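To get our numbering, take the position in the sequence shown, counting from 1, and add 4.
What follows is a single structure, written as structure tokens, with notes after it.
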Amino acid sequence: MSCHNIGHGLNEVVRKILVEYDVGLIPYESVFRILQQCAKSVHWCDRNEYEATACMYDRCGRCLRKGLPMFELGIFYNDRETLDLLKKETVDYHLCQECIDKLGLQKFVDSPWDMEERAKYDYYG
Numbered sequence: 005m006s007c008h009n010i011g012h013g014l015n016e017v018v019r020k021i022l023v024e025y026d027v028g029l030i031p032y033e034s035v036f037r038i039l040q041q042c043a044k045s046v047h048w049c050d051r052n053e054y055e056a057t058a059c060m061y062d063r064c065g066r067c068l069r070k071g072l073p074m075f076e077l078g079i080f081y082n083d084r085e086t087l088d089l090l091k092k093e094t095v096d097y098h099l100c101q102e103c104i105d106k107l108g109l110q111k112f113v114d115s116p117w118d119m120e121e122r123a124k125y126d127y128y129g
């Protein structure tokens with residue numbers, strides 16, 4: 005059963021963490037671990053972990069840089085090794101080309117990331 009409230013609430017936490025990160029108050033490593041935990045927390049509640057990171061529609065899910073181009077990863081759930089890599093190395097499944105190359109994920113690139121479409125899911129942004 006999905007309640008969405010936990011996802012919406014943690015999305016606001018993620019948004020605040022990213023504001024603090026952007027002005028240099030929190031280092032990347034700490035931000036990355038906290039964001040992973042926010043997504044994991046929503047996953048354990050209702051499996052909608054994407055709700056926790058909805059405000060990240062304009063950022064890479066690995067290096068956290070803003071801007072384009074970014075690409076959405078397609079079907080990789082049948083590949084356990086890739087799934088484990090993504091759970092460890094990313095916060096969300098849209099990445100910049102540099103991070104796709106570093107992780108060797110080019111074969112999983114589905115399509116360019118549509119920022120305008122994804123911005124609709126950022127509930128209070």
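Idealized CB from N, CA, C, for every residue including glycine.
From a predicted model like this one, the values you see are computed outputs, not experimental measurements.
Identify which residue in 39, 31, 75 has its Cα closest to the Cα of residue 58. Locating residue 58 in the sequence shown gives position 54, where the first residue counts as 1. 39 is the residue among 39, 31, 75 whose C-alpha sits nearest the C-alpha of residue 58.
Do residue 78 and residue 114 have their C-beta atoms within less than 9 Å of each other? Here residue 78 corresponds to residue number 74 of the sequence shown, with the count starting at 1. Here residue 114 corresponds to residue number 110 of the sequence shown, with the count starting at 1. Their beta carbons are under 9 Å apart, which means residue 78 touches residue 114 by this criterion.
Identify, in the order they occur along the chain, each residue of the same chain with its Cβ nearer than 7 Å to the Cβ of residue 89, setting aside the five sequence neighbours on each side. Working through the sequence shown from its first residue, we reach residue 89 at position 85. The residues are 107.
Exposed or buried, residue 32, counting other C-beta atoms within 10 Å across all chains shown (16 or more means buried)? To locate residue 32, count along the sequence shown from 1; it is residue 28. Label assigned to residue 32: exposed.
Of the choices 16, 102, 104, 83, whose alpha-carbon is the least far from that of residue 42? If you number the sequence shown from 1, residue 42 lands on position 38. Of 16, 102, 104, 83, the residue nearest in Cα terms is 16.
What is the rounded straight-line gap between the Cα of residue 52 and the Cα of residue 61? Numbered from 1 along the sequence shown, position 48 holds the residue referred to as residue 52. Numbered from 1 along the sequence shown, position 57 holds the residue referred to as residue 61. In a straight line, the C-alpha of residue 52 is about 15 Å away from that of residue 61.
Within a Cβ cutoff of 7 Å, which residues of the same chain sit near residue 30, ignoring the five residues on either side of it in sequence? In the sequence shown, residue 30 corresponds to position 26, counting from 1. Excluding sequence neighbours, residue 30 sits near 21, 24.
Note down the Cα distance separating residue 37 from residue 68, rounded to an integer number of angstroms. Counting from 1 along the sequence shown, the entry for residue 37 is found at position 33. Counting from 1 along the sequence shown, the entry for residue 68 is found at position 64. In a straight line, the C-alpha of residue 37 is about 12 Å away from that of residue 68.
Candidates 72, 109, 18, 34, of which the one nearest residue 83 by Cα: Here the question's residue 83 lines up with position 79 in the sequence shown. Closest in alpha carbon position to residue 83, among 72, 109, 18, 34, is 109.
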